[in-house]
Amino acid sequence: AAELAKAARPGDEAAAAGDAAATALREAEEALAEMASVGHELAKLEALERSNATGGAHEALRERLEALQVELDERAELLQLQAEQLRQQADMLQHIDQTNETLEGKNKALQEENDALVRTRGELIKENVRLDNEVARVADELEAERAERATAAAAAEQARHDVAQLQKELADATAKKNAAKSEANHYKQRPEFAHPGPGWTNSAMFATAAAAAAAGAYAACHFTRPQR
Numbered sequence: 012a013a014e015l016a017k018a019a020r021p022g023d024e025a026a027a028a029g030d031a032a033a034t035a036l037r038e039a040e041e042a043l044a045e046m047a048s049v050g051h052e053l054a055k056l057e058a059l060e061r062s063n064a065t066g067g068a069h070e071a072l073r074e075r076l077e078a079l080q081v082e083l084d085e086r087a088e089l090l091q092l093q094a095e096q097l098r099q100q101a102d103m104l105q106h107i108d109q110t111n112e113t114l115e116g117k118n119k120a121l122q123e124e125n126d127a128l129v130r131t132r133g134e135l136i137k138e139n140v141r142l143d144n145e146v147a148r149v150a151d152e153l154e155a156e157r158a159e160r161a162t163a164a165a166a167a168e169q170a171r172h173d174v175a176q177l178q179k180e181l182a183d184a185t186a187k188k189n190a191a192k193s194e195a196n197h198y199k200q201r202p203e204f205a206h207p208g209p210g211w212t213n214s215a216m217f218a219t220a221a222a223a224a225a226a227g228a229y230a231a232c233h234f235t236r237p238q239r
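Under our numbering, think of the first position of the sequence shown as 12, with each following residue one higher.
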């Protein structure tokens with residue numbers, strides 16, 4: 012009972028177990044004292060028997076001894092019952108301690124897992140921010156590329172327009188050149204150009220001037236426009 016009382020822990024059940032152990036210890040000490048007293052009386056009784064004392068005193072002491080023996084037996088049974096209850100409470104406290112240790116271990120493991128999840132969440136938040144910034148950067152690059160493509164498309168359209176204009180001007184210049192050549196050939200086939208004469212020089216000069224004018228117009232159209 013004394014060992015169980017020392018092993019008792021704080022708490023409602025532990026306090027009750029400690030009180031019961033202290034009570035059982037106190038009652039055990041009282042029973043031991045009474046047993047010692049009875050033993051002393053028994054020794055006196057045996058001494059009286061040896062000295063042939065009066066039978067009344069001997070009978071009274073025997074009755075008292077029997078009564079004390081019955082009381083001691085009852086207290087012994089009660090102490091055994093209390094000791095059994097204390098053992099059960101001690102087993103319960105031990106089971107509670109083991110359960111607490113198990114729960115503390117699980118709580119520690121869960122705390123470590125929670126810390127790991129918190130760290131992972133922080134890393135995911137950082138990664139999400141980085142990805143958002145990357146998406147924004149790519150979107151800006153795509154917008155800039157679309158603007159460049161639009162500018163290039165406009166420039167290409169203007170270039171096609173300029174090429175068409177140049178082709179038209181070249182065709183006009185070619186037509187003028189061919190007309191000048193045709194006109195020069197026409198003058199060459201006239202009778203007055205068959206043999207040299209006074210009017211031949213002027214006509215030849217006119218044809219040469221017409222051809223030169225056509226060539227100059229072609230060169231002006233082809234070489235003086237901005238190149239794209």
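Backbone N, C-alpha and C fix where the C-beta goes; we use that ideal spot for every residue, glycine too.
If you're wondering where the values come from, they're calculated on a predicted model, not measured in any experiment.
Give the C-beta separation of residue i and residue j to the nearest angstrom, bearing in mind that I take them to be a contact with Cβ-Cβ under 8 Å.
i          : j          : result
residue 45 : residue 83 : 7 Å
residue 75 : residue 52 : 7 Å
residue 38 : residue 86 : 6 Å
residue 79 : residue 49 : 5 Å
With a threshold of 6 Å (Cβ to nearest heavy atom), would residue i be considered close to the ligand FAD?
i          : result
residue 88 : As presented, the structure is devoid of all ligands, the ligand FAD included, so that no description of it is given.
Do you know whose CA, among the options, lies nearest residue i's CA?
i          : options           : result
residue 97 : 120, 185, 157, 34 : 34
Would DSSP call residue i helix, strand or coil?
i           : result
residue 206 : Legend: pLDDT at residue 206 = 49, less than 50; position of this residue unreliable, value from coordinates given subsequently. Reduced to three states, the DSSP call for residue 206 is coil.
residue 20  : Unreliable positioning characterises residue 20 in this predicted model, as indicated by a pLDDT of 48, which lies under 50. The coordinate reading is nonetheless provided below. Of the three classes helix, strand and coil, the one that applies to residue 20 here is coil, per DSSP.
residue 178 : helix
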